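Notes to accompany the following structure.
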Amino acid sequence: MAGRASPQCVHAPAPRPRKQLAGQGASTGRFFLLPSPGSPHRITAEVTTPGPEESLHPQTLHWSGMTHVGRFRKNNEDAFLGLTFDAREIRYLGKIGSGSLGGADFVFAVSDGMGGAKSGEFASKIAVEKITRLLPPSFGMAAQQMETGFGDILRELFERIHGAISDLGRYYPECHGMGATLSLCWFMPGWMCFGHIGDSRIYFLPKDGDMVQITHDHSHVGWLRRSGKINEREARTHPGKSSLSQALGGGNQKIDPQIGRVGCQSGDRFLICSDGLVDGLWDKRINELARKELDASKLVLEAVADSGRDNTTALLIEIA
């Protein structure tokens, strides 16, 4: 549902049109995309095995997260999650903290809901709640079968979340058409494995290299940008940028989440964000702020000040 300018303040920008399902990067040398079944052409870069430093000395993660409703929305349809788990227990993480990868995995995720009334808010919460239930039992399995295990686990996770949201949409009229994006980073020693669907984003900021968006925006506008047919400015102002070709739920019969992994080294950073952040900040500014301090609030508050037409969420993670 498209938002409109307030009649009491006609000069104020309207909220961004809500997301809806449509009818229908650069390589760093340290990440690659797992192919979908039957799609071997999707591998895009070679994998670098973690070095001896990563193997002998457990890496430490530092993180910072924040979400903001924005300046014109009543509800926050974004949700984010941080948790750590091992073979014995699961612990939720605070918005700011640090922890060792020695013997435990860490998961961070951002989900942006869509749908009428409060169903978008409900959809994003379902997505992050299902991660907590479904992913921790897989601890150790992906490490034992690293070449294929993590991809199968993440693909099944996305399918089950998609099924849960779709079932609610079928059986409850108030949930009809609801859906959600999901961008997830799963950290284990030496690696970050990711799963993604929709137009939330994961950025990789290597210590010695340029920032790169490692996820694809699942929209026609995202395809135009990746194909070089439009630039960043044209993508931000394109009238169809909120129309998604893929999401969890939303009436989709099938999904094809993007799955991949990145070899992690000390000094690398990752940013997971909803599209509200990109609506307020250019990539150049995102890169500057994300490298300057490990403080998600600096990114979110500046994006809200510059735009604020959508809910805005950021999770910033550093490997040390």
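Residues -14 to 305 (this note's numbering) make up the sequence shown, in order. Cβ atoms here follow ideal geometry from the backbone N, Cα and C, with glycine treated the same way. All values derive from a computational prediction rather than experimental measurement.
Identify, in the order they occur along the chain, each residue of the same chain with its Cβ nearer than 7 Å to the Cβ of Asp184, setting aside the five sequence neighbours on each side.
Locating residue 184 in the sequence shown gives position 199, where the first residue counts as 1. For Asp184, where only same-chain residues beyond five positions count, the Cβ hits under 7 Å are Thr166, Asp202, His203, Ser204, Gly207, Leu229 and Asp260.
Would you identify the three-state DSSP class for Lys167, choosing helix, strand or coil?
In the sequence shown, counting from the first residue as 1, residue 167 sits at position 182. A small fix is needed here, since residue 167 is Leu in this sequence, not Lys. In this structure, Leu167 counts as strand in the three-state DSSP scheme.
Does Ser292 pass the burial test, meaning 16 or more other C-beta atoms within 10 Å, or should it be called exposed?
Here residue 292 is taken as the residue at index 307 of the sequence shown, counted from 1. Looking at its Cβ environment, which holds 16 or more other Cβ atoms inside 10 Å, Ser292 is buried.
Give me the DSSP bridge partner(s) of Trp208.
Taking the sequence shown and counting its residues from 1, one reaches residue 208 at position 223. Trp208 pairs with nothing; no bridge assigned.
Find out if the Cβ-Cβ distance for the pair Cys307, Arg246 is shorter than 8 Å.
With the chain covering only -14 through 305, there is no way to say anything about residue 307.
Can you tell me the Cα-Cα spacing of Gly10 and Lys214, whole angstroms?
Position 25 of the sequence shown, counting from 1, holds the residue named residue 10. Position 229 of the sequence shown, counting from 1, holds the residue named residue 214. Its pLDDT being 35, under 50, Gly10 is placed unreliably in this model, and the coordinates cannot settle the point.
Would you kindly report the start and end of the unbroken beta strand (DSSP E) that includes Tyr188?
In the sequence shown, residue 188 corresponds to position 203, counting from 1. Where Tyr188 is concerned, the enclosing beta strand (DSSP E) stretches over Arg186 to Leu190.
Tell me which same chain residues have a C-beta within less than 8 Å of the C-beta of Ser217, skipping the five on either side of it?
Taking the sequence shown and counting its residues from 1, the one referred to as residue 217 is at position 232. For clarity, residue 217 is Glu in the given sequence; the question names Ser instead. Result list for Glu217: Arg210, Trp267 and Asp268, in chain order.
What do you get for Ala72, buried or exposed, if any count of 16 or more other CB atoms within 10 angstroms of its CB means buried?
Stepping through the sequence shown from its first residue, residue 72 is reached at position 87. Exposed, by the Cβ-count rule.
Whole angstroms is fine: what's the gap from Leu301's alpha carbon to Ser251's?
Taking the sequence shown and counting its residues from 1, the one referred to as residue 301 is at position 316. Taking the sequence shown and counting its residues from 1, the one referred to as residue 251 is at position 266. If you take the alpha carbons of Leu301 and Ser251, they lie about 15 Å apart.
What separation, rounded to the nearest whole angstrom, lies between the Cα atoms of Asn296 and His53?
As a working note, residue 296 is residue 311 in the sequence shown. As a working note, residue 53 is residue 68 in the sequence shown. Rounded to the nearest angstrom, the two C-alpha atoms are 6 Å apart.
With a floor of 3 residues, list each beta strand (DSSP E) that falls wholly inside the region 30 to 96, ordered by position along the chain.
Correct list: 45 to 53, 63 to 70, 75 to 77 and 81 to 85.
For Val263, which residues of its own chain have a beta-carbon under 7 Å away from its beta-carbon, when the five flanking residues on both sides are left out?
Counting from one through the sequence shown, the residue named residue 263 turns up at place 278. Cβ within range, chain order: Arg186.
For the beta strand (DSSP E) holding Ala299, just list the boundary residues, first then last.
Here residue 299 is taken as the residue at index 314 of the sequence shown, counted from 1. Taken as a continuous stretch (DSSP letters only), the beta strand (DSSP E) holding Ala299 covers Thr297 to Ile304.
Count the other C-beta atoms from every protein chain shown that fall within 10 angstroms of the C-beta of Arg58, then say buried if there are 16 or more, exposed otherwise.
In the sequence shown, residue 58 corresponds to position 73, counting from 1. It is buried - the Cβ of Arg58 has at least 16 other Cβ atoms within 10 Å.
Expressed to the nearest angstrom, what Euclidean distance is found between the alpha-carbon atoms of Asn272 and Pro191?
Sequence index remark: in the sequence shown, residue 272 carries index 287 (1-based). Sequence index remark: in the sequence shown, residue 191 carries index 206 (1-based). Near 11 Å, if we compare the C-alpha coordinates of Pro191 and Asn272.
Do Ser109 and Glu74 have their CB atoms nearer than 8 Å?
Numbered from 1 along the sequence shown, position 124 holds the residue referred to as residue 109. Numbered from 1 along the sequence shown, position 89 holds the residue referred to as residue 74. In this structure, Glu74 does not lie closer than 8 Å to Ser109 by Cβ.
How many Å lie between Thr45 and Ile116 at the Cα?
Position 60 of the sequence shown holds residue 45. Position 131 of the sequence shown holds residue 116. Going by the C-alpha atoms only, they are around 22 Å apart.
Can you tell me whether Gly98 is helix, strand or coil according to DSSP?
Reading the sequence shown from its first residue, position 113 is the one you call residue 98. Reduced to three states, the DSSP call for Gly98 is strand.
Pull up the DSSP beta-bridge partners for Trp176, would you.
Taking the first residue of the sequence shown as position 1, residue 176 is located at position 191. Paired residues: Met173 and Gly248.
Is the region 83 to 93 touching the region 138 to 148, taking contact as three or more C-beta pairs under 8 Å?
They do not touch, by the three-pair rule.
Determine, using beta carbons only, whether Ser185 comes closer than 8 Å to chain C.
Here chain C cannot be found, since the structure has a single protein chain.
Going by DSSP, which residues form a beta bridge with Val197?
As a working mapping, residue 197 is identified with position 212 in the sequence shown. Partner(s): Phe189.
Going by other Cβ atoms of all chains shown within 10 Å of its Cβ, with 16 needed for buried, is Glu303 buried or exposed?
Start at 1 with the first residue of the sequence shown, and residue 303 comes out as number 318. Buried, by the Cβ-count rule.
Can you give me the C-alpha to C-alpha distance between Gly155 and Val113, rounded to a whole angstrom?
Here the question's residue 155 lines up with position 170 in the sequence shown. Here the question's residue 113 lines up with position 128 in the sequence shown. The sequence given here has Arg at residue 155, not Gly. Going from the Cα of Arg155 to the Cα of Val113 covers about 20 Å.
Quick check on the burial criterion: 16 or more other C-beta atoms within 10 angstroms. Buried or exposed for Ser253?
Within the sequence shown, residue 253 is the residue found at index 268, counting from 1. First, the residue type needs correcting, since residue 253 is Asp and not Ser in the sequence shown. Buried is the call here.
For the alpha helix (DSSP H) holding Arg140, just list the boundary residues, first then last.
Numbered from 1 along the sequence shown, position 155 holds the residue referred to as residue 140. That run of the alpha helix (DSSP H) goes Gly134 to Tyr156.
In the structure shown, what three-state DSSP assignment does Ser228 receive?
For the purposes of this step, residue 228 is identified with residue 243 of the sequence shown, where counting begins at 1. Strand.
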